[in-house]
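Written out below as structure tokens is the structure these notes cover.
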Amino acid sequence: MERIRLYFFSVILFSVSIGLAQSVEIEGQVFANSDVESIHVINKTSKKYTTTTASGSFEIDVKLNDTIVFSSIQYKLTAVRVTSEIIAEKKMTIFLEEQINALPEVTVGKVLSGDLEFDVKNAEVEKPIDFYDVGIPGYTGKPKTQNERRLHEADAGKMIPSIGFGFSLNFYKLLNTITGRTKMLKERVRLEANDELMYRIKEELSDEFLKTHPLDESLIMEFFYFCSEDPNFVSRCKGKSGIEVHQFLSEKYMEFKANIKASKD
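All the letters of the sequence shown, read from the start, carry residue numbers 152 to 416 under this note's numbering.
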């Protein structure tokens, strides 16, 4: 009798695992304080994408643990991991935060004479006080993103640090490794860095590039996401000259146009 129960339990567990591994179409709804039409919804795992309707609704195929990215110039980039609850309900709801570009601070000071040499010599510029002035150690590197901070918290320290003549186990790090949280956070940080590089390239080169490589307005964002999904995107574009990046974009442009043509045929 016990064997029969174990057999049925195994069959049910196997069926559930198969079901979670299959792709399902979910219905989603985006909410925000402003316009929610034409927001890009990208499944970074399967490389499928769609856009929202005027009401903010969308449909997209997903599997368990896929990463869905919501992208719009108007809103902050948001990534959501597909959970078992989303798979079961076949529904997803997301609230987007507005992208606020703060204006630089304006300081009203001494009126300048117009003589550059005179004004430079008589400029009263004081060095701002920092933590070194008061003897406090501080971090001077690039501020970490939220996902980078979470990854550092989840993966900090050695797995088995030594204490005196003995050893101890870093249970927090071990737990994050076993549950896959560390791996998930590393992937989020990677995607975040990819998207940051992609947006910087788009901002700096898109106007010039699109003069010789025209695209419909509705396809521009999709094209740059298509470029960022290339396995060689970072190695071909990070820290490279504008000419090198332009060459990479030109190659991807030909592939992108070919894909569009193939989808219409």
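Each residue gets a CB set at the ideal place from its N, CA and C atoms; glycine is no exception.
Listed in chain order, the non-local C-beta contacts of S222 below 6 Å within the same chain comprise H191 and L228, local neighbours out to five positions each way being set aside. Assignment of K408 by DSSP, reduced to helix, strand and coil, places it in the helix class.
Around the beta carbon of K353, 16 or more other beta carbons lie within 10 angstroms, which makes this residue buried.
Under the three-state reduction of DSSP output, E176 falls in the strand class. Taking each of F399, K241, G179 and Q225 in turn and checking the Cα distance to F374, the smallest one comes out for F399. It is roughly 31 Å from the alpha-carbon of I329 to the alpha-carbon of G179. The Cβ atoms of K195 and V220 sit closer than 8 Å to each other. Excluding the 5 residues flanking it on each side, T244 has same chain C-beta neighbours closer than 6 Å at Q180, in chain order.
Contact check for V231 against S174 fails: the beta carbons are separated by 8 Å or more. Assignment of beta-bridge partners to H191 by DSSP yields T202 and S222. Secondary structure note for E210: its beta strand (DSSP E) is the uninterrupted segment S208 to V213. Nearest C-alpha to D217 among S208, Y226, L336 and V233: V233.
DSSP lists V220 as the beta-bridge partner residues of A230. In this structure, the beta-carbon distance from E210 to E240 does not fall below 8 Å.
Closest by C-alpha distance to P365, out of K408, T333 and K199, is K408. Beta-bridge pairing by DSSP links M349 to no other residue. Closest by C-alpha distance to K198, out of S379, L348, D358 and R332, is S379.
Around the beta-carbon of E236, fewer than 16 other beta-carbon atoms lie within 10 Å, marking it exposed. In the three-state DSSP reduction, I245 falls in the strand class (E or B).
Rounded to whole angstroms, the Cβ separation of I193 and Y376 is 6 Å, and the two are in contact under 8 Å. Judged by DSSP secondary structure, I238 falls within the alpha helix (DSSP H) whose first and last residues are S235 to E240.
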